Ligand code: KG4
Ligand code: ZN
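Residue numbers (our numbering): 810 to 1146.
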């Protein structure tokens, strides 16, 4: 089964061609093209929605053409087309969904609408057998910080989520306060390695008794701390703020995963989304999983950040379950899983 998948949910235009084994459902990724818009949004320190959708509109055809070129397959040769239908920026989602619907209609190819979060949850199956069910999945990205209990393909139970900012959003906002580039996560990750994580005791919102998260107080604490510092900020200060901020985020993420595992009794843990490529988070999760005698699954960085291959994974399982989308497929900015 050959699936073309598209993701235009945020600021990356991505298309991927994935071949699935009919019986065991194992994927073989033939292409995974990602065109980043970071340069366009960098000068604003965050994503400008209208610029993002206009750029998707320019890039969608070249990106799909490049993804299709690897196999020299015409569009008619596809078994199906899968597209991310939310959550995300509505103007961006509309570009990918309209394109996918046009291809599906004109070439008479089945269409599957896929939830972006489902894509992240299933990204752990792209490079190997992946975890056995059930598993707990932490999705930690620029738009989301959520914990799900994954009981099977298409069977997801929300355990907790951020009540305000997503962890990646906090990384990006703190990076902006420090005068670093966008996206801020990779920069803070790099600087934190040379900083002291105990230099500044930033607050941790553990929200006891729940598996929810909150990161806006931490962001405000960093802003308040920086207000009292002389400018321009020295290199050592920037590294210490990066390390201390990161320690506060990771303490909460790791502790909450531990609580989720205890609460559900699950032995398999997955971490997905852009922040999952953070080196200190991966190390901290590995240490915690070893202590708890749990198996940990984290995709390679290319499959942590937004990519269309993960949407193909969701599309395959939706189609296998007979969940086809019709011409009425309509993206939703706040689509629930
Ligand atoms: O999953 P993703 O590509 O897009 C969303 O669905 O949001 O995640 C992007 C987020 C950004 O906030 C970026 O700063 C963060 O992931 N990120 C990182 C790292 N790499 C990307 N955060 C911390 N450490 C990293 N190494
Ligand atoms: Zn994402």
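Note that the Cβ used here is the ideal one computed from N, Cα and C, for glycine as well.
Just so it is clear, the structure is predicted and the values come from calculations on it, not from any experiment.
The DSSP-derived three-state label of residue 1113 is helix. Across the structure, residue 979 and residue 1028 are spaced so that their CA atoms are roughly 6 angstroms apart. If the five residues before and after residue 837 are omitted, its C-beta is found closer than 6 angstroms to the C-beta atoms of 828, all from its own chain and listed in chain order. The DSSP assignment places 976 to 986, 993 to 1001 as complete runs of the alpha helix (DSSP H) inside the region 962 to 1013, in order along the chain (cut-off: 4 residues). DSSP places residue 1127 in no beta strand (DSSP E) but in the uninterrupted alpha helix (DSSP H) bounded by 1118 to 1129. The Cβ atoms of residue 891 and residue 1123 lie closer than 9 angstroms to each other.
Rounded to the nearest whole angstrom, the CA to CA distance from residue 1072 to residue 968 is 10 angstroms. Distance between residue 970 and residue 962, taken at the CA atoms: about 20 angstroms. About 15 angstroms separates the beta carbon of residue 1014 from that of residue 1053, a gap too long to meet the 8 angstroms contact definition.
Not one heavy atom of the ligand KG4 is found less than 8 angstroms from the C-beta of residue 882. Near the ligand ZN, meaning a Cβ closer than 5 angstroms to any of its heavy atoms, lie the following residues in chain order: 950, 1115.
Taken through DSSP and simplified to helix, strand or coil, residue 924 comes out as coil.
Around the CB of residue 914, fewer than 16 other CB atoms lie within 10 Å, so the residue is classed as exposed. With distances taken between CA atoms, residue 1025 lies nearest to 1011 out of 832, 1036, 1011. Bridge partners of residue 947 according to DSSP: 956, 1080. Within 8 angstroms of the C-beta of residue 929 there is at least one heavy atom belonging to the ligand KG4. Each residue's CA atom was taken as its position, placing residue 1079 and residue 956 some 10 angstroms apart. Cβ-Cβ distances below 6 angstroms link residue 817 to 865, 901, 904, 905 in the same chain, with the five nearest sequence neighbours on each side left out; the list follows chain order.
Taking 9 angstroms as the cut-off, the beta carbon of residue 839 is found closer than this to the beta carbon of residue 879. The nearest non-hydrogen atom of the ligand KG4 is less than 8 angstroms from the C-beta of residue 1087. A heavy atom of the ligand KG4 is found nearer than 8 angstroms to the CB of residue 818. C-alpha of residue 986 to C-alpha of residue 1044: approximately 14 angstroms in a straight line. If only complete runs of 4 or more residues are kept, the region 1054 to 1100 shows the alpha helix (DSSP H) at 1088 to 1100, in order along the chain.
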